[in-house]
Amino acid sequence: RKEVEQDPGPFNVPEGATVAFNCTYSNSASQSFFWYRQDCRKEPKLLMSVYSSGNEDGRFTAQLNRASQYISLLIRDSKLSDSATYLCVVIPSYNFNKFYFGSGTKLNVKP
Amino acid sequence: SQTIHQWPATLVQPVGSPLSLECTVEGTSNPNLYWYRQAAGRGLQLLFYSVGIGQISSEVPQNLSASRPQDRQFILSSKKLLLSDSGFYLCAWRGQGASNQPQHFGDGTRLSIL
Numbered sequence: 359r360k361e362v363e364q365d366p367g368p369f370n371v372p373e374g375a376t377v378a379f380n381c382t383y384s385n386s387a388s389q390s391f392f393w394y395r396q397d398c399r400k401e402p403k404l405l406m407s408v409y410s411s412g413n414e415d416g417r418f419t420a421q422l423n424r425a426s427q428y429i430s431l432l433i434r435d436s437k438l439s440d441s442a443t444y445l446c447v448v449i450p451s452y453n454f455n456k457f458y459f460g461s462g463t464k465l466n467v468k469p
Numbered sequence: 011s012q013t014i015h016q017w018p019a020t021l022v023q024p025v026g027s028p029l030s031l032e033c034t035v036e037g038t039s040n041p042n043l044y045w046y047r048q049a050a051g052r053g054l055q056l057l058f059y060s061v062g063i064g065q066i067s068s069e070v071p072q073n074l075s076a077s078r079p080q081d082r083q084f085i086l087s088s089k090k091l092l093l094s095d096s097g098f099y100l101c102a103w104r105g106q107g108a109s110n111q112p113q114h115f116g117d118g119t120r121l122s123i124l
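Protein sequence lines, in the order shown, are assigned to chains A and B.
Each residue of the first sequence is one higher than the last, beginning at 359 in the numbering used here.
Each residue of the second sequence is one higher than the last, beginning at 11 in the numbering used here.
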């Protein structure tokens, strides 16, 4: 079983829509969580950390559900520039250097 | 502020040739350093990481090796490239300490093996 699993998509949404992605993880001892954004043929860039109580950064909201072992990313009022692949990352408590990346969920925002 | 430099941006190499990719970090000291490979349409695979000079942890058996000759320099090498070594190679750094520090990536090297 993979450490981290994501729906590859693509999610095709119109501008202004709200879209949500989930990411499940298998290790219940996972310690830290992040969302990254990766544009086509570019390096991943940190979008936001995911905190236990949930956190928001502008149009982006991240949530953690430890009981069900998933994290989520909600994007409100989608912009064309939000089109990218979104990677979730899980770090286990036993090794802070092992970042487990999901394969990513592709988002296409259409005019 | 911290920056990470990775070169070259693209590389085309014949099978059996050697490889050397270099990554340097500026603006921080004693970073944790990482090499990843991303195959087309796939997720990131951790290849090596280093928590200090001369300290290398290998994650998967393969045709590659890594070295850290200086605090902020991380090198990925191969003596003889295979077709399966093609991919997008990414270097990343992270500060020492708490687990909630994210990794930050260089621009990547796109390696094609012919």
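Even glycine gets a Cβ: it sits at the ideal position worked out from N, Cα and C.
Do you know offhand how far residue i's Cα is from residue j's?
{"i": "LYS400 of chain A", "j": "TRP103 of chain B", "result": "17 Å"}
{"i": "TYR383 of chain A", "j": "GLY116 of chain B", "result": "26 Å"}
{"i": "TRP17 of chain B", "j": "SER67 of chain B", "result": "22 Å"}
{"i": "SER77 of chain B", "j": "GLN65 of chain B", "result": "8 Å"}
{"i": "GLY37 of chain B", "j": "HIS15 of chain B", "result": "12 Å"}
{"i": "SER39 of chain B", "j": "ARG82 of chain B", "result": "7 Å"}
{"i": "PHE84 of chain B", "j": "ASN42 of chain B", "result": "10 Å"}
{"i": "LEU91 of chain B", "j": "GLN55 of chain B", "result": "18 Å"}
{"i": "ILE449 of chain A", "j": "ASN385 of chain A", "result": "9 Å"}
{"i": "ARG395 of chain A", "j": "THR463 of chain A", "result": "10 Å"}
{"i": "GLY460 of chain A", "j": "CYS381 of chain A", "result": "8 Å"}
{"i": "TYR44 of chain B", "j": "THR13 of chain B", "result": "14 Å"}
{"i": "VAL408 of chain A", "j": "ILE429 of chain A", "result": "8 Å"}
{"i": "LEU405 of chain A", "j": "GLN427 of chain A", "result": "20 Å"}
{"i": "ALA425 of chain A", "j": "LEU431 of chain A", "result": "17 Å"}
{"i": "ASN73 of chain B", "j": "SER30 of chain B", "result": "13 Å"}
Do residue j and residue i count as a contact pair if the criterion is CB distance below 7 Å?
{"i": "TYR46 of chain B", "j": "ASN455 of chain A", "result": "no"}
{"i": "VAL362 of chain A", "j": "TYR444 of chain A", "result": "no"}
{"i": "SER451 of chain A", "j": "ALA375 of chain A", "result": "no"}
{"i": "SER88 of chain B", "j": "ILE123 of chain B", "result": "no"}
{"i": "PHE369 of chain A", "j": "LEU438 of chain A", "result": "no"}
{"i": "GLU69 of chain B", "j": "LEU86 of chain B", "result": "no"}
{"i": "VAL25 of chain B", "j": "LEU121 of chain B", "result": "no"}
{"i": "SER441 of chain A", "j": "VAL371 of chain A", "result": "no"}
Going by DSSP, what residue range makes up the beta strand (DSSP E) through residue i?
{"i": "ILE63 of chain B", "result": "Element bounds for ILE63 of chain B: n/a, residue is neither H nor E."}
{"i": "GLY460 of chain A", "result": "Careful: GLY460 of chain A lies outside any beta strand (DSSP E) and carries neither H nor E."}
{"i": "ARG78 of chain B", "result": "75-80"}
{"i": "PHE84 of chain B", "result": "83-88"}
{"i": "ALA19 of chain B", "result": "First-last for ALA19 of chain B: undefined, no H or E at that position."}
Per DSSP, what are the beta-bridge partners of residue i in this structure?
{"i": "PRO402 of chain A", "result": "A:GLN396"}
{"i": "ASN42 of chain B", "result": "B:ARG104"}
{"i": "PHE58 of chain B", "result": "B:TRP45 and B:SER68"}
{"i": "GLY97 of chain B", "result": "B:LEU121"}
{"i": "ASN380 of chain A", "result": "A:SER430"}
{"i": "PRO450 of chain A", "result": "A:SER388"}
{"i": "TYR444 of chain A", "result": "A:ARG395 and A:THR463"}
{"i": "VAL362 of chain A", "result": "A:TYR383"}
{"i": "GLN29 of chain B", "result": "The question names Gln, yet the displayed sequence has Leu at residue 29 of chain B. In the DSSP output, where bridge partners are listed per residue, LEU29 of chain B has B:SER88."}
{"i": "PRO372 of chain A", "result": "A:LYS468"}
{"i": "GLN421 of chain A", "result": "A:SER430"}
With 7 Å as the threshold, decide whether the Cβ of residue i is near any Cβ in chain D.
{"i": "TYR99 of chain B", "result": "The question asks about chain D, but that chain is absent: this structure's protein chains are A and B."}
Contact between the stretch 410-419 of chain A and the stretch 110-124 of chain B is defined here as three or more beta-carbon pairs at a separation below 8 Å; is this criterion met? Contact fails: fewer than three Cβ-Cβ distances are below 8 Å.
contact_flag[the stretch 391-399 of chain A, the stretch 419-436 of chain A] where n(CB pairs < 8 Å) is 3 or more: Verdict: yes, contact present.
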